[in-house]
Every structure is written in C-alpha cells, then in structure tokens.
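Report on the structure given below.
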Amino acid sequence: MNVIRASALGYCMGVRRAVSLALDAALSAPRVCVLGHLIHNPQALESLRERGIETIEHENELPRSLNDTAVIIRAHGIQPEVERRLERRGARMVDATCPRVKQSQIRARTLSEAGYQVFLAGEKQHGEVAGIHGYAPDCFIVENPAEAEYAARRLRREAPEKKAALIGQTTLSPEEYRAVARGIRAALPDLLVIDTICRATRERQAALHELCQAVDAVVVVGGRKSANTRRLFARVTDKPAWLVEDEADIPPETARYPVIGLSAGASTPDCVIDRVEYALRRVAAHGSDRGA
Ligand code: SF4
C-alpha cells in the first residue's frame, strides 16, 4: 500500500498560535485554564493537561477570585461580556482568539453599529458563532439557506429600509456560504456579503479534492468534535473514507486499497498524523495486526 498525504493538512495558523500562547502562559502563571476546549482533539487536550493546563467547561467552575490565574481565550473566541466578567474577578486574560475570528467579531460589531442587520451563517451551538454573536447581539444566526431566506423575508416585512450584511463561521465551505447568501438575496437582493471563510479551511478542502483524484480510499484524521474535521470528512463522497481520531481507529479493510489518501483537520497535531500514517503502512505490511 502507498499512503499519500494531502498537500495541506493538520494544524492551521490559529490553532498553532493558541497552543503556543497556552504553553507560554503555563510557564509564567501559577494556574492556567482554558474556557472550553482549546482544540477539538483528545490527544492534544491530554498533552495540555499533562503540562498543567486545565480545561474548564463554564466560567462558574472557576473560583470567585482569579488573581493567580491565567485564562486562555481559545482560537474560537468568546463573548466580550464573559471576558469582562473574568477580568473583574482578577484573571489575566490571554487572548488566543484566531486573528481571522477576531476580524469577524470586529466586523459583526462594526456592521451592527453602522445600522446593518447582520446575518451570521454557522452552527448555533459552535463556540465561534456564540462568540461572534456576543459582538452583535441582535444578529440573526442562520444554519442553512431555508432559515436564511425565512429570516430575510421577515426582515423585509418588518423593517424594509434596513440594510443587511452576511458574515459566516470561518470553517464553512464556500458552497454552503454561497447557498446561504442566495437564500437571503431571494428577499434582500442588496445583501452585503463579507468573505469570512478561512483560507486554511479552503486549502485543506481543495487539497483533499485533489488528493481524491489520485487515491483509492481516504483516511481523515481528527477529533470527532472538530467541526472542520467533520466537514473535511463529509466532502469525500466518491471514495471509501474513514474518520479516525488516532491509529487505534484504523479499520482493517484499509489494507484492501492500494493507495490511501491521508488528510487531517486543522486541530490535528502533527504527531497524531505521523502515527496514523505509520500504522496504515503497518496495516499494509501485516494485515490487521496493528499491535505495535
Ligand atoms: S481554521 Fe482558520 S479561522 Fe479557524 S483557527 Fe484555524 S486559521 Fe483561524
């Protein structure tokens, strides 16, 4: 079996930066915690925990006084009022919000203050979307074209003079984003569309597309909770494909395919990608014996 890596895969700039800021903070503060998962990858989280970086699901889990605590804002960002609350409790905030997400947050606020009705395309439960929402609290969050069109028609009925602008979760695919824009334009043809899709996402999606032309099956490495990993995986529709969190997830049937393509989400550490590649080659050499 031959294993071919996608030309772009694994950690993006925003995730590398967030991990590096967290590790720096761990060297200088008595206590370091991250609000939410710094990365949607179980191995990376475990490695941070071993370095004393705790993951906190909710600010209420923290003690009232945070004078000795550095709180990391993860790459997805957080709502500004949460940041202010933690600062008031004495926390040293380390802002690891990805610069591209920060740009979306600022744009949402600026557009809203300029009188635009902001439409925010993305998953309502996603941390990045929740964070941007905090910068434009009256924005409409829309998950698909039908929701977008419905909200746009309501706006046209209730506030026909209002201008509208669209921003989106950075990890949406260009097709999804265009479809949401079309839904809104069906009612509001003058919609201002801001391009917020991250280049890292596009590069990984384009590299995967190219990879699929050259292989018989595909393995996508990443956390199952990682939105960008799931989206990458969903794009492989014409080849057998598996999403694996690590080498233990590799199914034995991968050995049947002469050429396997390897891709990985933007939150997958290099060491996990290396281990999966090695294990795939072992599957080829020894069948389903993946013991070593
Ligand atoms: S995928 Fe893009 S927007 Fe998201 S953290 Fe990485 S670089 Fe930033």
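Numbering (the numbering used here), first residue to last: 391 to 682.
Ideal placement from N, C-alpha and C gives every residue a C-beta, glycine not left out.
Quantities reported herein were computed from a predicted structural model and do not represent experimental measurements.
(message) Applying the 10 Å Cβ sphere with the 16-neighbour rule, what's the burial state of G681?
(response) Only weak support exists for where G681 lies, its pLDDT of 39 falling under 50; the value from the coordinates is given anyway. Burial call: exposed.
(message) In the DSSP assignment, the alpha helix (DSSP H) including D414 goes from what residue to what residue?
(response) Going by DSSP, D414 is part of the alpha helix (DSSP H) stretching over 403-418.
(message) Which complete beta strand (DSSP E) runs does the segment 605-645 hold, if anything under 3 residues is left out?
(response) 607-611, 631-634
(request) Count the CB pairs spanning the segment 505-523 and the segment 455-473 that are closer than 8 angstroms, and state whether there are at least three. (result) With a cut-off of 8 angstroms, the segment 455-473 and the segment 505-523 count as touching, because enough Cβ pairs lie within range.
(request) Report buried or exposed for D679, applying the criterion of at least 16 other Cβ atoms within 10 angstroms of its Cβ. (result) Low confidence applies to D679: its pLDDT is 49, below 50, so where it sits in the model is not reliable, and the reading given next is rough at best. Taking a 10 Å sphere around the C-beta of D679, we find fewer than 16 other C-beta atoms and assign the residue as exposed.
(request) Using three-state DSSP, classify L598 as helix, strand or coil. (result) helix
(request) May I have the straight-line CA-CA distance separating H596 from Y506, to the nearest angstrom? (result) Note that residue 596 is Ala in the sequence shown, not His. For A596 and Y506, the distance between alpha carbons rounds to 33 angstroms.
(request) Kindly indicate the opening and closing residues of the beta strand (DSSP E) around T445. (result) 443-446
(request) State buried or exposed for I557, treating a residue as buried only when at least 16 other CB atoms are found within 10 Å of its CB. (result) buried
(request) Report whether the distance from the Cβ of G404 to the nearest heavy atom of the ligand SF4 is below 7 angstroms. (result) yes
(request) Locate the alpha helix (DSSP H) running through I496, then write down its first and last residues. (result) From DSSP, the alpha helix (DSSP H) with I496 extends over 489-503.
(request) Measure the beta-carbon distance from V393 to L670 and round it to whole angstroms, keeping in mind my assumption that it falls under 8 angstroms. (result) Right, the Cβ-Cβ distance comes to about 5 angstroms (below 8 angstroms), so this counts as a contact.
(message) Closest to A526 by C-alpha separation, out of V484, E503, P535, would be which residue?
(response) E503
(message) Quick check on R441: buried or exposed, where buried means 16 or more other Cβ atoms within 10 Å of its Cβ?
(response) exposed
(request) Could you name the residues of the same chain whose beta carbon sits closer than 6 angstroms to that of A538, not counting the 5 residues immediately before and after it, in chain order? (result) V532, V570, G573, I574
(message) Applying the 10 Å Cβ sphere with the 16-neighbour rule, what's the burial state of A590?
(response) buried
(message) Do L578 and A554 have their beta-carbon atoms positioned less than 8 angstroms apart in this structure?
(response) A contact, by the Cβ cut-off of 8 angstroms.
(request) Return helix, strand or coil for L578, following the three-state DSSP convention. (result) coil
(message) Can you tell me whether Q433 is helix, strand or coil according to DSSP?
(response) Helix.
(request) Would you kindly work out how many angstroms separate the C-alpha atoms of A498 and T561, rounded to a whole number? (result) 17 angstroms
(message) Please determine whether the Cβ atom of V491 lies at a distance below 7 angstroms from any heavy atom of the ligand SF4.
(response) For V491, the CB falls within less than 7 angstroms of some heavy atom of the ligand SF4.
(message) Against chain B, with Cβ distances strictly below 8 angstroms, would K552 count as a contact?
(response) Here there is only one protein chain, and chain B is not present.
(request) Could you check what DSSP says for Y647 in three-state terms: helix, strand or coil? (result) coil
(message) So, at 8 angstroms on beta carbons, what are the nonlocal neighbours of M428 in its own chain, with the 5 sequence-adjacent residues on each side left out?
(response) Going by the sequence as given, residue 428 is Leu instead of Met. The answer, listed in chain order, is A408, V409, A412, A434, L435, L438, I443, T445, I462, R464, A465, A486.
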